[in-house]
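Reviewing the structure listed below.
Residue numbers (the working numbering): 1132 to 1987.
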């Protein structure tokens, strides 16, 4: 009953205790106290559990009930271990073992196995579990069979025996279901998630964890160990903010429950997530606290891990100590941390570490570990004077990353996984630069850049709960739009919005991967040949400096540019000035100052970024592949780009795929009719007049205006269309880019809604503010509306990288579509529309950018 209904068991035990005392029944008293202790442990109150179990032992000893005393000691041992007192726990279990026989002895053996595992004596623990299991099977004890199978399964997972672990846990799940113990089933499901995580299957692990978490949330109690495991998984998925929050929650949960054995493990995860996020001070503090706790508990294996994190997060690096701890990590079974330590030392030029990285990586094991191992081998081969071998190792590591990324379904997880290849791509670029081979530098840059967009996109899963959550999110968004009077209600709506967004993210993380493969070789020669008379300008950051790779007339040239820090700061200042200019904020003098500041910033950026390549590009049409903060630059406003067609692409390969229609993701064939769809939301005020003007100008198949422009109606009309124009309020969510949106009649249409389309329009025009912005991740991976549309199959997107004026936008859009209707390519049409714009509205005209192919 303790497992099925701990509070019910607690109430029953209180009654039994009163009866036993009244009737002078020491055996009943011992049993009641033990039940109270076990119930308290189940309810995560370890201190109360220890108190009740000590009383149980004392009563049993006074009454001469040796076997009952031993059974209570057996339970007390686990609680003492929970409290972080392993020596006392071992003493209690040893005393229990001497007094027990038969089935009770087997139960004590299993408990001993738990303690041995936590002390790092895994082989001894495995023997204890197997011996106990044989006894439980002989006695037909289903409950304890399930318990020992659960514990053995977790141990097998730690030791790398994933198939054995899964078999044990699935059998435990069956037994618990047969016994009707739903809480125990949830714990086993969580452990199945842990097995998937150990095998590197993030999607399955998230699925199992979420199943278990639903039960934990309903029961009002989330075990600290479950939070620790979730934090570890989120860290592996590079969801650093979420991992850190889960680790903090785990520290709090373990502290509240006085689980001394779990508090340092939670702090270890907190240190890891803080270090990954670049917060060295917080990582150093948490790692030091964890190390001292592990040492007090004589858990030396764990103390080694904490010591490594403490050294890595220290203000000054102690390389001698790191060398020692790297060897200790390897000897203690911390393979991933040992490799990290060696890679760090190798990056500092440590020759011994380089020699230790020379072996080819294993063919099995965690993908992210093998990717890093290929990086280590490449570093070692460079040191040995074999750059060709190093390049082969780097290529092998990036191919493995491609496979790993393709196995993830969710765009967010794919984008974040690219961080695993940062060091490999950077080393490849450095080797190509050392060889003075611009074409190879471009090849290495393309090998890693925006790779997620080369995969078949993840479609929204056919999940009614996801559909429900998206509908609720629209309703909440619509209410927030009209809610400006009641701060209490607004706060409640915002809290509901955050909860829905979190639920939607968690569901999309579990999206299964589409059948897709990455290009085995980047078709660089075909990309260059496809440029025709255009010039490609691809920007690469290398050790803080920007490099321009210019492909023109079949050749690739390299030019050194400004520092990345200087350009990033100037882009931020420019965007601030443009925002003031477009918003018409302030006096005439203030507006003049904003105009002057913006023009100065554009001249400066032009000198830094394009002046060095002007002799190469001449007056050609440009395909620009930016990096970092330059993704948000209004490129057409730079003096060197005046009047010329400009297309901005996430990578040269993505541009080529879009321009040549060599796409992986066109599951629905065109009907042959080139449909045009026009959509106007009720706000801003210019949206409806703009679309009405376009409707009078263009032959169109659907025009959704005002209240007709609902999310579902818009999606239905857009599906399979050739051209779609949407005029609405737009918002870019820097905090959560996949919830960037367009405001329609019934609420926001987010990135997640677009992924439900079977076939994206080939040309999309978003007449709204900020819709061309994206958050930039390592590998110049992008997340936002523009990246989603291009990744889902839109060949060309016209969208803004900043705020825009209503009247100026309407004029620009009419001109744009006039030229499009005349058969002019989108990049040329936008350039012509800008040329005809009112000079006073230059900021709005240049905010609109042509993304993707530039053709349709």
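Positions of the beta carbon are idealized from the N, C-alpha and C atoms, including for glycine.
Everything numeric in this text was worked out from a predicted model, so none of it was measured.
Exercise. How would you call residue 1137, buried or exposed, if buried means at least 16 neighbouring beta carbons within 10 angstroms?
Worked result: So residue 1137 counts as buried.
Problem set entry | Distance between residue 1281 and residue 1842 (C-alpha atoms, nearest Å) | CA-CA distance, residue 1842 to residue 1281, rounds to 47 Å.
For this session: Determine the extent of the alpha helix (DSSP H) in which residue 1474 is found, giving its start and end residues.
Result: Counting along the chain, the alpha helix (DSSP H) containing residue 1474 begins and ends at 1466-1478.
Problem set entry | 8 Å Cβ shell around residue 1825 - same chain, five flanking residues per side excluded | Excluding positions up to five away in sequence, the list reads 1809, 1831, 1856, 1944, 1945, 1948.
Problem set entry | Sub-9 Å separation of residue 1406 and residue 1440 beta-carbons | Yes, the pair counts as a contact, with Cβ atoms nearer than the cut-off.
For this session: Tell me whether residue 1633 is buried or exposed, calling it buried when 16 or more other Cβ atoms sit within 10 Å of its Cβ.
Result: Exposed, by the Cβ-count rule.
Exercise. How about residue 1915 and residue 1887: do their beta carbons lie closer than 9 Å?
Worked result: No Cβ-Cβ contact shorter than 9 Å links residue 1915 with residue 1887.
Problem set entry | Nearest neighbour of residue 1890, chosen from 1899, 1851, 1875 [CA to CA] | In terms of CA proximity to residue 1890, 1851 leads the group 1899, 1851, 1875.
For this session: Apply the 10 Å Cβ neighbour rule to residue 1981 and answer buried if 16 or more other Cβ atoms are within range, or exposed otherwise.
Result: A residue is called buried once 16 or more other Cβ atoms fall within 10 Å of its Cβ, and residue 1981 is buried on that count.
For this session: Report all residues from its chain with a CB closer than 7 Å to the CB of residue 1144; omit the five preceding and five following residues, and keep chain order.
Result: Non-local C-beta neighbours of residue 1144 in its own chain, meaning closer than 7 Å and more than five positions away in sequence, comprise 1163, 1166, 1167, 1170, ordered along the chain.
Problem set entry | One or two residues paired with residue 1495 in a DSSP bridge | Partner(s): none; residue 1495 has no beta bridge.
Exercise. What's the gap between the Cα of residue 1977 and the Cα of residue 1732?
Worked result: About 14 Å.
Problem set entry | Contact set for residue 1964: own chain, Cβ-Cβ below 7 Å, skip 5 residues either direction | Taken in chain order, the residues that qualify are 1943, 1946, 1947, 1950.
For this session: At 4 residues or longer, and completely inside the stretch 1132-1185: list those alpha helix (DSSP H) runs for me, N to C.
Result: The qualifying runs are 1137-1153, 1157-1173.
For this session: Identify, in the order they occur along the chain, each residue of the same chain with its Cβ nearer than 7 Å to the Cβ of residue 1726, setting aside the five sequence neighbours on each side.
Result: 1712.
Exercise. By DSSP, does residue 1874 sit in helix, in strand, or in coil?
Worked result: Here residue 1874 sits in strand by DSSP.
Problem set entry | Delimiting residues of the alpha helix (DSSP H) encompassing residue 1373 | Run containing residue 1373: 1371-1387, per the alpha helix (DSSP H) assignment.
Exercise. Where does the unbroken beta strand (DSSP E) through residue 1854 begin, and where does it stop?
Worked result: Run containing residue 1854: 1854-1858, per the beta strand (DSSP E) assignment.
For this session: Excluding the 5 residues preceding and the 5 following residue 1435 in the sequence, name in chain order all residues of the same chain whose CB lies nearer than 8 Å to its CB.
Result: 1456, 1459, 1460, 1463, 1465, listed in sequence order.
For this session: Decide if the stretch 1532-1542 is in contact with the stretch 1609-1629; the criterion is three or more beta carbon pairs, one per stretch, under 8 Å apart.
Result: Pairwise C-beta distances place the stretch 1532-1542 out of contact with the stretch 1609-1629, as fewer than three of them are shorter than 8 Å.
For this session: Leaving aside the five residues before and after residue 2025 along the sequence, list all residues of the same chain whose C-beta is less than 7 Å from its C-beta, in chain order.
Result: Beyond the ends of the chain as shown, which are 1132 and 1987, falls residue 2025; an answer cannot be given.
Exercise. What is the DSSP secondary structure of residue 1674, reduced to helix, strand or coil?
Worked result: Here residue 1674 sits in coil by DSSP.
Problem set entry | Cβ pair residue 1695, residue 1680 closer than 9 Å | Going by C-beta atoms, residue 1695 is not nearer than 9 Å to residue 1680.
Exercise. Residue 1267 and residue 1279: beta carbons closer than 9 Å?
Worked result: Residue 1267 places its beta carbon less than 9 Å from that of residue 1279.
Problem set entry | CB of residue 1430 within 9 Å of CB of residue 1249, strictly | For residue 1430 and residue 1249, yes; Cβs fall inside 9 Å.
For this session: Can you tell me the Cβ-Cβ gap for residue 1729 and residue 1974, rounded? I've got them flagged as a contact below 8 Å.
Result: In this structure, residue 1729 and residue 1974 form a Cβ contact; the two beta carbons are roughly 7 Å apart against a cut-off of 8 Å.
Exercise. How long is the line joining the alpha carbons of residue 1607 and residue 1873, rounded to whole angstroms?
Worked result: Between residue 1607 and residue 1873, the C-alpha separation is close to 14 Å.
Exercise. Of the residues 1474, 1495, 1498, which one's Cα is nearest the Cα of residue 1487?
Worked result: Distances from the alpha-carbon of residue 1487 to those of 1474, 1495, 1498 put 1474 closest.
Exercise. Is residue 1986 near the ligand ATP, judged by its Cβ being under 8 Å from some heavy atom?
Worked result: Summarising the ligand content, the structure contains no ligands, and the ligand ATP is consequently not present.
Exercise. Do residue 1773 and residue 1754 have their C-beta atoms within less than 9 Å of each other?
Worked result: A distance of 9 Å or more separates the beta carbons of residue 1773 and residue 1754.
Exercise. In or out: residue 1350 buried (at least 16 other Cβ within 10 Å) or exposed?
Worked result: Exposed, by the Cβ-count rule.
For this session: Return the CA-CA distance between residue 1480 and residue 1579, expressed in angstroms with no decimal places.
Result: CA-CA distance, residue 1480 to residue 1579, rounds to 25 Å.
Exercise. DSSP beta-bridge partners for residue 1979?
Worked result: Its beta-bridge partners are 1931.
For this session: Report yes or no: do the stretch 1536-1552 and the stretch 1593-1601 share at least 3 C-beta pairs separated by less than 8 Å?
Result: The stretch 1536-1552 and the stretch 1593-1601 do not touch, with fewer than 3 CB-CB distances between them shorter than 8 Å.
For this session: In angstroms with no decimal places, state the Cα-to-Cα distance between residue 1968 and residue 1768.
Result: Using only the alpha carbons, I get a separation of about 13 Å.
Problem set entry | Where residue 1134 falls, given that 16 or more other Cβ within 10 Å makes a residue buried | That one is buried.
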